[in-house]
Every structure is written in C-alpha cells, then in structure tokens.
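Chemist:
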Amino acid sequence: MLIYIAKRLVRMIVSIFVVSLITFILLQMAPGNFADIARIQSGAGELSPAQSQEAINQFQMRYGEDISPPEQYLKFMWGAIRWDFGPSYKYPNLTVQEIIARAFPVSASLALISVGIAVLISIPLGVFAAVRQNTIGDYGSMFVLTAGRAIPNYLIALFLILLFSRTLGWLPTSGWPGFKQAIMPVASLTVGSIAILSRYIRSSMLETLRQEYITAARAKGGGFSAVVFKHALRNSLIPFITIVGPYLATLMTGTVFIESIFRIPGLGLYFAQAASSRDMPLLMGSTIFLAVILMSMNLLVDLIYRVLDPRIGFDTTGQR
Amino acid sequence: MAAPLLEVENLRTEFARGESTIHAVDGLSYSLEPGEAVAIVGESGSGKSVSVRSLLRLIPRHGRITSGSARFDGKDLLAMKEPELRHIRGNQIAFVFQDAMTAMNPTLTLEKQLTEHIIWHELAGKSEARQRAIDAMTSVGLDQPEVRLKQYPFQLSGGMRQRAMIASALVSRPKLLIADEPTTALDVTLQRQILDILKERKRDGMSIILITHDLGVARYFCDRVIVMYAGRAVERGPMRDLLESPGHPYTTGLLESTLEIGAGKDRLQPIPGNPPNMATLPPGCPFAPRCPLAEERCRVEPQSLIPIGPDRDVACWKVSEGATLHASGRS
Amino acid sequence: MAVAATSPGEIQEVEKAQSQMARAVRRFRRNKLAVASLIFIMLLVLAAIFAPLIAPYGIEDTDYAAARVGTGSPGHLLGTDTIGRDIFSRLIFSLRTALIIAIGAETIAMALAIVVGLTAGYLGGRTDQFLMAITDILFVFPSYLLIIILVTVFGRSEVTIFVAIGISSWVGTARLVRAEVLRLRVREFVEAGRAMGAGGVTISMRYILPNAVGPLLVSLSFGIPGAIIAEAGLALLGLGVQPPTPSWGSMIQEGTQWVLVSPHMLLWPTGLFAITMLAFTWMGDGLRDAFDPQE
C-alpha cells in the first residue's frame, strides 16, 4: 500500500509542477504587468499611490527587474514548496498564503455544507427512485431534479434571490458569515448536487439490484430492508464515494460564481479579482493550491475505495 | 402413500417482450414426494429455470405468473402473502444457484452470508447460527471452516465457492432443496464432488429438485425426470425407465447428444434444427419442426401429456400409439 | 492511401452501423420530451440566425426616456434596461452570441478530443501514455480557473473566449473517443481493413468514427449548454464578451444589480436561459437513451 501511495505522490508532484509551469507561462504572456495595472488603478482611485508604489517595491525586491522569467519561476516555486508564495500584489501587507488560509476555509465550508446536505437527501431519494423504478415516484422525482442538473448554480442563486429577496424580502442578498446569509448560497449549490448525486445513486442501485446475489438474498428469505439496505445500498455506496469525493473537490474549487453573486470572501472571489488585477503571486499560489486540493482529494477517495472494497488491492496495474 | 411435499399444477409464467408475450412456462404440472429427487431437464430456454424460480416468486420484474398453483406442505406458494412466502424461502425451501461467484455478495464475508438467513428466520441466535454454518461447511467438505468464515467469496476457488453456496442452503435444514444447474460452471471432477454432496443429502431425507440440461448429471441421483421443451413438460417418469426406453423423440434426442463417460457410444448425435423461438411458437407440438416422426397432425394439434405407463406420460400421440424412435434415429 | 475495394465484412459493419443509427433515431423519436426540446432548440437557432430581422430594436438603440420600464410597456415587450435598450432585442442578439461561442468552443473541443483520442487509442504504447498523462494534468486543472486565466491573458473577444472554453473542456470527450477506439480496434472489420492496406487515418475515419457517433453526439449536446454556461459565468465575473457585443451573461449581471428595483431585467434573461438549458438537457438525455438504452 505504501508503495502505491508513494507512486501516486510522485505523479502528483510532477503534475503540480506542470500545472504551475503552464500557469506561469500563460501569465507571462498577459498584457500589462502588475506595476502598470497598479498605476492605472491608482489613477482610477482603487489603490492609493502609496499602496501601489509599495507593491511595486515589493515586487522588485523579491524578483528584481532584471531577473529572467525562468529564474522568477524557480524562485517562486522554491518558496511555494515551503508554503511561502510571497506577498500579494493587491494586498501587499498580506502574504498570499495568508489570503489562502483565510479564504479557502470559506469556500471549503460552503462546498462541504452543500454536499453534506445533498448526500443526506440524495441517498434516500435515489434509493426511492430505484426501488420504485418506472413508477410515478421515480419519474416524478427525477423529472423535478432535471432542473437542478440543467441550470447552473449561479442561475439557481439568482432565481432564489428573485424569490426570497425581491419578492418575499425574507433573505439578504449578501454577507458572510451568518445563518440567514448562508441559506441561499448553500441552497444554490445543494440543488444541483442533489440532482446529480441522486441520479447516480439511482442508476447505481438499479444496476446492483439486477445482480444475481440480490435474487439469492431474496431466495434466502430476505425482506425489503435486508435486501435493499444491507445488500444493494451497501454495495452501491462504495462506488458512490468515488463520485462524491471528486465532486466535492470540484465544488470546493468552483464556488467562484456563488461567491461573486453573494459577495462571499472565498478563494474563488479572490481568484477572480486577482485575474483582473494581474496579481501574479495570488494567481499562481491559488492555482497551485487548488490543484493540490483536487489531486489530494482524488487520491484520498481512491485509497478509501480500495480499503472498503475487499476485492481491490493496491496493485497499480489496477484498472477498476 | 404420504402426501406429496410439493404439488405443482398447471403453472404458467409469462414475460412481456415488446409487443409479444413469451410463455416461458406453459402449463407445467408435477409432484414431489418427501425424500424424492426430481430432475427437470431441458435445453436453455425450455423454461426449467423459470419454473422453479416461479415457485418462490423470484422471477424478474417483467414476468408474471398468470395461473397455476404450487402446494408446498399443503399451502399454495403462489397464492400466499409475501411475508409468509418469505418465511419459507431460505428456510424450508432453499435455492442453490448456478454460479456461486455472481450469486454471492462480493463484499460480505462468508460468515455473514451463511448465517444471515438463520437470523432473519429466527431459527437460532448468532453463535448457534455460526456453529450451524461451520457444521454445514464441514458436511460439504470445506476444510478449515472457521478460517473460511472470515473470507470473502473471491478468495475461494470455484469448487469451494459452490460448496459454500450449498452449505448456505443447508444451514437452515430445508425440507426441499432446489438446485439450478449447480454443476454447469464446474469442471467434471468438481461436478462429481458436488453431485455426491447432493446425493448424500438426499439419502438423509432431503427432497431435491435438480435443474439441468445434462441427462448424465440428472441420472446421478434423481429418482424421476421431467423433460421440458418450449415451456412444457413433454415427458415425465422414473429415471431408469426413461433412460432405458425413452418415449418422446426429444428425450431420445437428448440422450443421443449427451456424453456419458463409459457408456460406450461411438458418436454423439446432436438434435437437428434450432431451439424454438419462444416469441413465435408454431401451433401444435413445439418439437415438430425438429422431430423425425413429425406428421401433419403434429404440426396442427397441440399435444398434452398422455399416460403410457403407471408412472409415465408423454406428450406425443404417436408414441402413445406405440411408435418408438430407436437410438439410431429410425422409427 | 485510399482503399478501393470493400470486403463483405466491411459492408456488414457499415450496414450494422447504419441500422444502429436507424434504431437510435427511432428510439429518440419516441421520446416526446426530447423531440419537443429539439424543436425548441432549432427555433432558437433560427431566431439567432435571423436576429436582425426579428428584433424590433438594435442592440445599441438607447432611449433614456424609457429607461428601466417594466414588462409589457408600450413598444417594449420585455421592458428596457438602465439606458433604455430594449431587452427583447438584446436577448435575441445575446442568444446569437451565445450560440456562436458555444459552437466555436465545441468545435475546438471536439476536434481536439477526436484527434487526441484517436491517436492515443489507435497508436497505443508510449504515445498513448504520454497523451493520457497530458489529459490527466489538464483534468486536475480546476476548469473555471483555466478559463479565467486564459481570458485574462488573451483578452475578451468572442474568439478568445470560445477558444478558452474549448481548451478547457476537451479532455472528457477525448477519453471517450479513446475508449471507443480501444473497443473497436480489435474487431475483425478493422483487421480486414488493415489487411487490405488501409492506413491508420483511413481506418479511423471510415470504421471507427461512425461507430462512435452516438457518444460523440451526446457529448456535443451536453457540451453546448456547458459552453453557454461558462460564458455566462465569465460575464458574471466581469470577464465575458466585451461590450457592445451583447451577452446573456452580461444581461444577467446587469439584471442582478437592479433586481430589487427592476426585476424584469433579471427575470427575462434568466428565464430564457433556464428554459434553454432544460431543453438541451432533455434533448441530451434523449440522445443518450437513444444510443444506450438501459431497460
């Protein structure tokens, strides 16, 4: 098992370097470096001249104007390995890692709460649809959920705002943290998640229920609860984990629209801002960080799956 | 004579397929005495498997049992409420499947799978159930039962898995064991071992219904045979009589095409023609297209079972009037 | 290298592919919802094509006197925005922009996916491993982040946007194509083709691709709404298509800012968006069920 983990970690590290390299090269090609933008922004009143000059100084101190791009890259990566991405351009008194440490938990908790609620609802819903296959219950619930699949989360968010803020006036349209503030953002993400996850449970259950060992369990006198839950659902949940894990990771790294609409200070929002202000360290740092999160989540899920399913070992020739 | 353990009368099971209906079991009747072993023999598609699954109401969703009765110990399995039937499954009637690899849950230990039904039916507590499982495993020749209990199906060899499945059926000490092609997936040596286990159980008083396409397997320990074709019984009778002088041309054909070690045949004769298309059965005798004795009357008039002896009947008017199909295929 | 003669096996396979297609079409037609969605989408496409003829106003026709008037106001079926531009007209032109971007993005994505998938699947070995390594890496790149970076770097024109979207979404389909190639590569008709001297490209194009049409079509029908969603999302972040080109996303963005006061500015763009997405999903599901029914 340890060899397997080691191999995967090596692949991860290589991937991270490639991702960071691609990002770096792309950003180098961006028109206007930070200093120019900062000057423009200070002209437009977004940053005080003092602030922008400070940032430019930091930039020059850290990288020097005449350090070539490859050296810049290596210097940056050397710091990155030690969890030091340097100060952000836009917020020079904060280091990038501080921003990430502050902002990522926000995005992560948003995603976690949504997926958590979604899983709790999806499993019973999916089982229900599978057991009542081709009946009104099945068609009805799956039909209603189509909206959750088809419509992107930010659109759901906007509909919710239309309904609950504009028409009913019950909920605020921005702010974080706070229970009332969190309802709509979480709901926007949860609806889509339920649609996708319950569909998955349904088809996974349908496939499992077709297996001969389910008939065998019934032939032994198994009742609904034993057959559906102890045999079918149990076996369907194992592959379900391989879906939820990456889904959660994707959601954690994809909350940018919801954060933007509801003005939630998560990493996605900072990233979007960083893009328009060419905040290189923040862009690089967050891209690397989020890629690491995605990869780690995939690895974690893979390991859990191998532990849970007794049939799968840790042989890397593994298909599965 | 004691009352039969199982009495099946006019069982009909249908499957809807698109526009047409498939009569997988089309009026099957037979009875089984306690301690008796009956073989239901036929090609794949003959309905033999569906017929026994219908007894326990374990047919797939798109199937319907449309008529008939199956009295087990006096109560009709097809008419009783589901909770009552559930109490009989895995308890008084046990089912052994063809392929133990797919019939066992790959993520549960043997212990769980061999004892769960004992607990469901409240036949014993957890530790007694475990002991029963160990005894059953020993009786089918599985070594190191305590160790095996903690293992998963994939860790066992094919033969051991099949034995484990039989052990699972035996743990509840059923009155009737239904074995659906229990040896088809195994090689010849293993076949023999599995059949020996079943033979022993029969000797101890358990009734058995054996489903197979291989008459050689059937004759191993079965007292009586029912030959099925296209969903119907075409011949019924004691095993020895049937083998010595088969009645129905299909039975003769089956015998001819069965490899029996040491029987001294010079060559196998496959039955000419193709298995019937169950969606488009011709009127009259379903075997007529492939039957060397077939006449116009055969193709038009549906055949029902006609007694030709004290305990034998055949669904062929020609045979009932004395025609026989000799081993070489000539009449 | 052109292969002139056709073997009986090949003819069989072509016929089989054609009858598979016919069966799939029949199954699709039975799905009323999918057919209705297809018709709706075709109407949308027509509306987009004939936008200048349908829209009562131009996209830049402002009317300060009639700023932010609501639904059903005289002359403005769906109301106007902050500087008096007709929402209905802008919506139709946004539809056009969205479809252009979506089709462009999907073309790029499909092309990349087919080329990479075919090459990896057919050539196998090192090439396959290398290409799969690339796809693995791209897979872990959080996709919206890649699009944001690309648009930031290369600007906000329609072309750069759809190129960015295309680049970030081809990976999944490439894997699909590769799987199909692997599956079909070992079939006899491919062997027969090779025996007759057909080269890799010919085999790919003539034998393998036609069989992969189903999954590709499904991928396309889900890819288009995905691209529209991506573009609209970009607009929400301020990175969408540059004005004055109207975009769905920017209309939604403006509408959001005025939601408490003039909800019609948000309602109509989001409403049409939602219905369009539903139509694509129903159609996509219909296609998927048509090619891969699971009774």
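As you go down the protein sequences, you meet chains A, B and C in turn.
Just so you know, we're using our numbering here: the first sequence kicks off at 9 and counts up by one.
Just so you know, we're using our numbering here: the second sequence kicks off at 4 and counts up by one.
Just so you know, we're using our numbering here: the third sequence kicks off at 138 and counts up by one.
Using N, Cα and C, we set each Cβ at its ideal position, and we do this for glycine too.
Taking the C-alpha atoms as reference points, what is the distance between G392/C and Q105/A?
Modeler: Locating residue 392/C in the third sequence gives position 255, counting from the first residue. Locating residue 105/A in the first sequence gives position 97, counting from the first residue. Cα-Cα distance, rounded: 35 angstroms.
Chemist: Which stretch, first to last residue, makes up the beta strand (DSSP E) that contains Y232/B?
Modeler: Within the second sequence, the letter at position 229 stands for residue 232/B. Run containing Y232/B: R227 to Y232, per the beta strand (DSSP E) assignment.
Chemist: Determine the chain A residues that contact T418/C at a beta-carbon separation under 8 angstroms, and present them in chain order.
Modeler: In the third sequence, counting from the first residue as 1, residue 418/C sits at position 281. Within chain A, the residues near T418/C are T154, R157 and A158.
Chemist: Can you confirm whether the segment 285 to 302 of chain B touches the segment 247 to 255 of chain B when touching is taken to mean that 3 or more C-beta pairs between the two stretches lie within less than 8 angstroms?
Modeler: Flag = yes, the segment 247 to 255 of chain B and the segment 285 to 302 of chain B touch.
Chemist: Along the chain, where does the alpha helix (DSSP H) containing V135/A start, and where does it finish?
Modeler: The residue given as residue 135/A occupies position 127 in the first sequence. It spans V104 to V139 - the alpha helix (DSSP H) in which V135/A sits, taken as one unbroken run.
Chemist: To the nearest angstrom, how far is the alpha carbon of S210/C from that of R174/A?
Modeler: Numbered from its first residue, the third sequence carries residue 210/C at position 73. Numbered from its first residue, the first sequence carries residue 174/A at position 166. Going by the C-alpha atoms only, they are around 21 angstroms apart.
Chemist: Leaving out five residues before and five after M303/A in sequence, what residues of the same chain have Cβ atoms less than 8 angstroms from its Cβ?
Modeler: Within the first sequence, the letter at position 295 stands for residue 303/A. Hits under 8 angstroms: M20, S23 and I24.
Chemist: At least one CB of chain A closer than 9 angstroms to the CB of T110/B: is that the case?
Modeler: One-based indexing of the second sequence puts residue 110/B at position 107. Yes, its Cβ sits closer than 9 angstroms to a Cβ of chain A.
Chemist: For M414/C, which residues in chain A fall below 8 angstroms Cβ to Cβ?
Modeler: Position 277 of the third sequence holds residue 414/C. The contacting residues are A158, I159, P160 and L163.
Chemist: Flag D92/A as yes if its beta-carbon sits less than 9 angstroms from any beta-carbon of chain B, otherwise no.
Modeler: Taking the first residue of the first sequence as position 1, residue 92/A is located at position 84. No, D92/A does not count as interfacial toward chain B.
Chemist: What residue from C288/B, I212/B and S175/B has the CA that sits closest to I91/B's CA?
Modeler: The residue given as residue 91/B occupies position 88 in the second sequence. Checked all of C288/B, I212/B and S175/B; the closest Cα to I91/B is S175/B.
Chemist: Check G213/C in the structure and name its three-state DSSP category.
Modeler: By one-based count along the third sequence, residue 213/C stands at place 76. The residue you asked about is not Gly; residue 213/C is His in the sequence shown. Correct three-state label for H213/C: strand.
Chemist: Could you run through the segment 219 to 245 of chain A and flag, in chain order, every residue whose CB is less than 9 angstroms away from some CB of chain B?
Modeler: Hits within the stretch, in order: Q219, E220, Y221, I222, T223, A224, A225, R226, A227, K228, G229, G230, G231, A234, K238, H239, R242 and N243.
Chemist: Please name the residue, chosen from A42/B, I25/B and A19/B, that lies closest to E238/B on a Cα-to-Cα basis.
Modeler: Along the second sequence, one-based indexing puts residue 238/B at 235. For the residues A42/B, I25/B and A19/B, the minimum Cα distance to E238/B belongs to A42/B.
Chemist: Distance cutoff 9 angstroms, beta carbons only. Does R319/A sit that close to anything in chain B?
Modeler: As a working note, residue 319/A is residue 311 in the first sequence. Yes, because at least one Cβ of chain B sits closer than 9 angstroms to the Cβ of R319/A.
Chemist: Which residues in the same chain have their Cβ closer than 6 angstroms to the Cβ of G256/B, if we skip the five residues on either side of it in sequence?
Modeler: Indexing the second sequence from 1 puts residue 256/B at position 253. Taken in chain order, the residues that qualify are I274.
Chemist: Between S399/C and the rest of its own chain, which residues show a CB-CB distance below 6 angstroms, the 5 nearest in sequence each way excluded?
Modeler: The sequence position of residue 399/C within the third sequence is 262, counting from 1. The residues are R205.
Chemist: Does the beta carbon of T407/C sit closer than 9 angstroms to a beta carbon anywhere in chain A?
Modeler: Here residue 407/C refers to the residue found at position 270 of the third sequence. T407/C counts as touching chain A.
Chemist: Which residues, in chain order, does the segment 175 to 207 of chain A contribute to contact with chain C at a C-beta distance below 7 angstroms?
Modeler: Those residues of the segment 175 to 207 of chain A that come within reach of chain C (Cβ to Cβ, closer than 7 angstroms) do not exist; the list is empty.
Chemist: Taking the beta strand (DSSP E) that Y33/B falls in, what are its first and last residues?
Modeler: Along the second sequence, one-based indexing puts residue 33/B at 30. First-last of the beta strand (DSSP E) with Y33/B: S23 to L35.
Chemist: Distance cutoff 9 angstroms, beta carbons only. Does F278/C sit that close to anything in chain A?
Modeler: Here residue 278/C refers to the residue found at position 141 when the third sequence is read from its first residue. True, the Cβ-Cβ gap to chain A drops below 9 angstroms.
Chemist: Pair every Cβ in the segment 211 to 230 of chain C with every Cβ in the segment 400 to 416 of chain C, then say whether three or more of these pairs are closer than 8 angstroms.
Modeler: Yes, they touch.
Chemist: I'd like the list of long-range same chain contacts for R135/B, defined as Cβ closer than 7 angstroms, with 5 residues on each side in sequence excluded.
Modeler: One-based indexing of the second sequence puts residue 135/B at position 132. Closer than 7 angstroms at Cβ, skipping near neighbours: I121, A127 and V174.
Chemist: Counting only beta-carbon atoms, is L17/A nearer than 9 angstroms to chain C?
Modeler: Against the first sequence, residue 17/A aligns to sequence position 9. Not an interface residue.
Chemist: Verify whether the separation of the beta carbon atoms of L321/C and M247/C is less than 9 angstroms.
Modeler: On the third sequence, residue 321/C is found 184 positions in, with the first residue counted as 1. On the third sequence, residue 247/C is found 110 positions in, with the first residue counted as 1. Contact flag unset, no.
Chemist: CA-CA distance, V317/B and S323/B?
Modeler: Taking the first residue of the second sequence as 1, we reach residue 317/B at position 314. Taking the first residue of the second sequence as 1, we reach residue 323/B at position 320. When rounded, the distance between both Cα atoms is 7 angstroms.
Chemist: I think P274/C touches V300/A, with their Cβ atoms under 8 angstroms apart; what is that distance to the nearest whole Å?
Modeler: Sequence index remark: in the third sequence, residue 274/C carries index 137 (1-based). Sequence index remark: in the first sequence, residue 300/A carries index 292 (1-based). Strictly speaking, residue 274/C in this sequence is Ile, with Pro absent from that position. Rounded, the Cβ-Cβ distance is 13 angstroms, inconsistent with contact.
Chemist: If we count the other Cβ atoms within 10 Å of its Cβ and call it buried at 16 or more, is E149/B buried or exposed?
Modeler: Translated into positions along the second sequence, residue 149/B becomes position 146. It counts as exposed.
Chemist: Alpha carbon to alpha carbon, what distance is there between S52/B and H216/B?
Modeler: One-based indexing of the second sequence puts residue 216/B at position 213. One-based indexing of the second sequence puts residue 52/B at position 49. Going from the Cα of H216/B to the Cα of S52/B covers about 10 angstroms.
Chemist: Need the endpoints of the alpha helix (DSSP H) that F157/B sits in, please.
Modeler: For the purposes of this step, residue 157/B is taken as residue 154 along the second sequence, with counting starting at 1. Looking at the DSSP string, F157/B is not in any alpha helix (DSSP H), and its letter there is neither H nor E.
Chemist: Can you list the residues of chain C that M303/A reaches, using a CB-CB cut of under 8 angstroms?
Modeler: For the purposes of this step, residue 303/A is taken as residue 295 along the first sequence, with counting starting at 1. By Cβ distance, chain C contributes V277.
Chemist: Starting from the C-beta of G332/B, find all residues in its chain whose C-beta is less than 7 angstroms away, skip the five residues before and the five after it, and write them out in chain order.
Modeler: On the second sequence, position 329 is the one that residue 332/B refers to. Any answer about G332/B is weak, because its pLDDT of 46 lies below 50 and its placement is not dependable; what the coordinates show is given next. These residues qualify, in order along the chain: Q272 and P295.
Chemist: Taking the alpha carbon of P313/B as the point to measure from, which residue in Y223/B, P278/B and G240/B has its own alpha carbon closest?
Modeler: As a first step, residue 313/B must be located in the second sequence, where it is residue number 310. With distances taken between Cα atoms, P313/B lies closest to G240/B.
Chemist: Where does the unbroken alpha helix (DSSP H) through P241/B begin, and where does it stop?
Modeler: The count along the second sequence starts at 1 and reaches residue 241/B at position 238. P241/B -> not in any alpha helix (DSSP H); beta strand (DSSP E) instead, spanning R235 to P241.
Chemist: When you compare the CB of F267/C with every CB in chain A, is at least one pair closer than 9 angstroms?
Modeler: As a first step, residue 267/C must be located in the third sequence, where it is residue number 130. Answer no: the Cβ-Cβ gap between F267/C and chain A never drops below 9 angstroms.
Chemist: Which residues in chain A sit within 9 angstroms of F410/C, going by Cβ to Cβ distance?
Modeler: The residue you call residue 410/C lines up with position 273 of the third sequence. Result: I159, P160 and L163.
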